[in-house]
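**Q** This is the structure I want to talk about, given as structure tokens.
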Amino acid sequence: MFHLLEERNPNRSKHWWIRLGTSDTDTALTVAANLATAADNLGDDVDHTYYWDKGHATNEDPGDFIKWVARVTGHKS
105 MFHLLEERNP NRSKHWWIRL GTSDTDTALT VAANLATAAD NLGDDVDHTY
155 YWDKGHATNE DPGDFIKWVA RVTGHKS
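In this text, residue positions in the sequence shown follow the numbering used here: the first is 105, and each later residue adds one.
Have a look at this one:
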């Protein structure tokens, strides 16, 4: 957060894929929300979603992630 809010890094990623389960016991939901909001307020492309009733490191939409990577990199199949 320091590099997004205090001392902005112009070389940071401008694309963010943030996922968190609502039953995560390792990371507070506010951590993901604050990160997504800070990046969005800087004009970055943010795709932020919570997985309902899922825990830490849950991967519910790997196909969507691959499509997102293709979109942000400009990859054409």
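Glycine is no exception: its CB is placed at the ideal position from the N, C-alpha and C atoms. Note that the structure is a prediction, hence the values are computed from the model and not measured.
Restricting to Cα atoms, I'd like to know which of K118, R116, A136, H119 is closest to G125.
**A** A136
**Q** What residue does the beta strand (DSSP E) around W52 start on, and which one ends it?
**A** In the structure as shown, the chain begins at 105 and stops at 181. Residue 52 is therefore absent and cannot be evaluated.
**Q** Hey, could you find the ends of the beta strand (DSSP E) D151 is sitting in?
**A** 149-155
**Q** Along the chain, where does the beta strand (DSSP E) that runs through L133 open and close?
**A** Careful: L133 lies outside any beta strand (DSSP E), inside the alpha helix (DSSP H) at 133-145.
**Q** Are at least three pairs of beta-carbons, each pair with one atom in the stretch 114-124 and one in the stretch 145-159, less than 8 Å apart?
**A** yes
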